[in-house]
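A quick write-up on the structure given underneath.
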Amino acid sequence: MKKKLPLFALLCILTFSCVTTPDIRPGSALSGADGISAIQAERLGIERQILLGSPASLEKAASAADQALLVDKAEARTYFWLAHEIARLVYPELTATQLAPAEAPPENALAKAFIDARNGRPLAFPDGAGPLFDLMPLLVVFRVKTPAASISALSAFERFSRLGIPSAIAELSRALALERSGDAAGALASFSKSLDEAPDCYPAAFGKANLLVASGKAIEAMDVLSQVDSSVRGNLAYRRAYSNALYGAGRWAEALPLITTVLLEDPMDSRFLLMRAHLLVERGEYKLASPLLDAFAGVDPNDRLYILLKARSAAENAKDRASALA
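In our numbering, the protein residues as written are 5 to 330.
In structure tokens, the structure reads:
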């Protein structure tokens with residue numbers, strides 16, 4: 005005869021066999037991806053798009069957060085806000101129609117980590133922080149351009165890279181930090197890796213193109229820029245990179261009008277002042293080049309190209325005076 009379990013024992017078995025899924029804070033879904041629940045899977049999908057960090061993936065993350073069915077509203081709002089704020093920081097050339105209106109940041113650890121990172125403040129990660137928190141220190145280089153910021157970003161990249169998560173934005177941050185630290189070869193490699201992760205990460209294309217021009221590979225630079233989406237080609241950053249590539253390739257007739265448009269928007273860009281002066285001298289327009297050379301003299305009077313152009317301009321002026329006196 006089978007013995008019946010006492011009622012109390014039966015209740016205990018039923019009670020303790022019910023296992024609930026613990027809450028997960030925003031930013032930590034990827035820290036435990038094995039055996040995930042449906043709500044964790046939704047978080048994971050949003051976080052992976054944010055971590056990839058390209059214009060398209062950030063837009064997807066914001067859309068997924070806005071339409072989330074399982075993640076609670078506070079978490080979804082954090083993801084939505086974070087995706088748009090990262091886009092504003094890293095891709096400022098995006099038009100206003102591509103970015104959501106600014107709103108007050110959520111009051112939680114992830115939003116605070118982003119704000120602190122953006123402003124160059126040290127970060128204190130909460131217990132159980134996930135990959136999104138590891139990404140935050142890498143964002144400092146997009147606003148702060150000091151040597152200390154570059155060192156901090158490179159250190160953060162070493163930690164983040166151990167996670168093995170694809171991230172165009174992490175490689176872009178490393179590239180900028182290496183470039184500012186004088187490691188052109190390392191920067192070029194990271195710009196390339198960023199584009200491999202996300203071809204629409206256009207700042208990486210601009211950075212790669214500029215480094216190729218500097219190494220005498222302007223034709224390769226133009227090929228890189230030809231792959232940039234047409235929606236980006238009207239912005240100042242693209243015109244800077246493309247006119248620099250044209251200049252480096254010796255296509256001066258095409259470069260001059262683009263260089264001029266750059267200076268109309270940013271008249272204090274000394275590199276483009278000198279480039280325009282050079283092209284005007286090559287065209288024999290010494291009078292137009294003269295004020296540009298005078299302006300550049302206050303920036304770097306020891307620049308080799310400046311010295312050469314100044315000498316050519318002075319020689320031409322001396323010829324003109326001699327002709328006038330003859």
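For every residue, glycine included, the Cβ atom is placed at its ideal position computed from N, Cα and C.
Source: prediction; values computed, not measured.
- In this structure L55 is in contact with P135, their Cβ atoms being roughly 6 Å apart against a cut-off of 8 Å.
- Scanning the region 108 to 192 for uninterrupted alpha helix (DSSP H) segments of 4 residues or longer gives 113 to 122, 135 to 139, 151 to 165 and 172 to 184, listed from N- to C-terminal end.
- Here A318 is exposed, its C-beta having fewer than 16 other C-beta atoms within 10 Å.
- In the structure shown, R280 falls within a helical segment according to DSSP collapsed to helix, strand and coil.
- Between F161 and A174, the C-beta spacing is below 8 Å.
- Excluding residues up to 5 positions away in sequence, L215 lie with their Cβ nearer than 6 Å to the Cβ of A188 in the same chain.
- With respect to the C-alpha of G211, the residue from S235, R178 and N306 having the closest C-alpha is R178.
- In this structure, the alpha-carbon of A65 lies about 33 Å from that of E269.
- Contiguous alpha helix (DSSP H) elements confined to the region 221 to 274 occur at 222 to 230, 240 to 252 and 256 to 269, taking only those with 4 or more residues.
- DSSP places Y310 in the helix class (H, G or I) of the three-state scheme.
- One thing to note: P170 has its Cβ no nearer than 8 Å to the Cβ of S156.
- Excluding residues up to 5 positions away in sequence, G49, I50 and Q53 lie with their Cβ nearer than 7 Å to the Cβ of A68 in the same chain.
- Straight through space, the alpha carbons of G186 and A152 are spaced by roughly 14 Å.
- Y242 and N123 have their C-alpha atoms spaced approximately 26 Å apart.
- For the set F300, E79 and E63, the Cα lying nearest the Cα of A91 is the one of E63.
- Of the residues assessed, Q44 falls on the buried side of the cut-off, its CB having 16 or more other CB atoms within 10 angstroms.
- According to the DSSP assignment, I54 belongs to the alpha helix (DSSP H) that extends over A42 to L56.
- Per DSSP, reduced to three states, the secondary structure at V285 is helical.
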